[in-house]
Amino acid sequence: MYDTEKRTYLRIPTRISGHGRLLCDPSEQPVFRDAPLAGLTGPGAFDARDASIPESLYTLLSSLNAKLDILIGMLGKDQMAADFPVVLSVVEISGAGLRFSASAVLPMDADMEVVLMLSQFPLRMAGAMGKIIRAEDCDGKTIYALDFTRIRERDLETIVQFVFQSQRDEIRGKKWD
Numbered sequence: 301m302y303d304t305e306k307r308t309y310l311r312i313p314t315r316i317s318g319h320g321r322l323l324c325d326p327s328e329q330p331v332f333r334d335a336p337l338a339g340l341t342g343p344g345a346f347d348a349r350d351a352s353i354p355e356s357l358y359t360l361l362s363s364l365n366a367k368l369d370i371l372i373g374m375l376g377k378d379q380m381a382a383d384f385p386v387v388l389s390v391v392e393i394s395g396a397g398l399r400f401s402a403s404a405v406l407p408m409d410a411d412m413e414v415v416l417m418l419s420q421f422p423l424r425m426a427g428a429m430g431k432i433i434r435a436e437d438c439d440g441k442t443i444y445a446l447d448f449t450r451i452r453e454r455d456l457e458t459i460v461q462f463v464f465q466s467q468r469d470e471i472r473g474k475k476w477d
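At position 126 of the sequence shown the residue is numbered 426 (the numbering used here), and the sequence of numbers has no breaks.
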């Protein structure tokens, strides 16, 4: 049998964590909001390097910013676990969906909201709504396949950047083997 499936996005193996929640209604609004702070992103973003401050001060401020991101991320973990009770272990990801194991048994064709922890330092998360389309047994674990049905453009871009960066890292690693 020939595989006639056409992929729009590259799918890669990974080991990232995430959280999920089952939806009562597929049109439900997402709980996860990762809104950028005003003035920090976008075309009118402020870049501290433009402020004519010394490079050493810029480095110090950048370091403090990264540490604050870590602290804020740690404080938000309890709220994340309350809002998204299903813990996910993602084994494959693409811009179209993901494959994962879960801390709970999930029904087929269920609608879910997922939040993915793409990076912990600095904290990078992405959220999406999707539908479970497949469940298969792999080494005693159930691996679910989820197709994204609704995803914000910035979350999709974050996932695609993660996939490309992972591919670049893998290629660089093979170069030295």
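For every residue, glycine included, the Cβ atom is placed at its ideal position computed from N, Cα and C.
Can you tell me which of R424, I370, S394 and A402 puts its alpha carbon nearest to the alpha carbon of G440? A402
DSSP beta-bridge partners for A396? DSSP lists no partner for A396.
Would you report the Cα separation of N365 and E355, rounded to the nearest angstrom? 15 Å
So T458 is in the alpha helix (DSSP H); what residue range does that whole segment cover? E453 to K475
Using DSSP with H/G/I as helix, E/B as strand and the rest coil, what is L364? helix
Do you know offhand how far R434's Cα is from P407's? Rounded to whole angstroms, the gap between the alpha carbons of R434 and P407 is 10 Å.
V391 and I443: beta carbons closer than 8 Å? V391 places its beta carbon less than 8 Å from that of I443.
Nearest CA to the CA of G376: which residue from V405, Q420 and A404? Q420
Continuous beta strand (DSSP E) stretch holding R333: start and end: R333 -> no beta strand (DSSP E), and no H or E assigned at all.
Just the C-alpha distance for S317 and T359, rounded to the nearest angstrom, thanks. 30 Å
Give the straight-line distance between the Cα atoms of M374 and M417, rounded to the nearest whole angstrom. 12 Å
Distance between beta carbons of G397 and D447, contact taken as under 8 Å: That pair is a contact at about 4 Å.
Delimiting residues of the beta strand (DSSP E) encompassing G440: G440 -> no beta strand (DSSP E), and no H or E assigned at all.
Under the rule that 16 or more other beta-carbon atoms within 10 Å means buried, what is L361, buried or exposed? exposed
Helix, strand or coil at D378 [DSSP, three-state]: helix
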